[in-house]
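Terminal number for the sequence shown in the numbering used here: 76, no gaps in between. Glycine is no exception: its CB is placed at the ideal position from the N, C-alpha and C atoms. Have a look at the structure below before the remarks.
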Amino acid sequence: MTKIVKSSPLVNTLLRILKGMGEQEKQLQTIITAILCVAGAMDKVREMVLRAQNEELKCGGNFIKDK
């Protein structure tokens, strides 16, 4: 089931939302990250964060960068 969920449009939508969030939305970032983790997509979150850090871009406010 995890493989089905990982490739779903829902996961991609949540990743896009997470990427565009500002620093003031920490609670919502926590909830979306938890949903992605349960869906088995934590590797995609990590990949997004690493790519942003390598390019010195912000990614989902400080919540993600601090973790």
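Over what stretch of residues does the alpha helix (DSSP H) that includes residue i continue unbroken?
i, result
"A48", "Note, A48: premise wrong, no alpha helix (DSSP H); not H, not E."
"G31", "Unbroken run through G31: none, as it is neither H nor E."
Compare the beta carbon distance of residue i and residue j with 9 Å and say whether it is the shorter of the two.
i, j, result
"K28", "A61", "yes"
"A48", "S17", "yes"
Hey, residue i and residue j are a contact pair by Cβ (cut 8 Å); roughly how many whole angstroms apart?
i, j, result
"M57", "L24", "6 Å"
Under 8 Å Cβ to Cβ from residue i, same chain only, skipping five residues before and after it: list those, please.
i, result
"K53", "K15, V20, L24 and L45"
Near residue i, which residues of its chain fall below 6 Å by C-beta distance, leaving aside the five closest residues on each side in sequence?
i, result
"I41", "L23 and L27"
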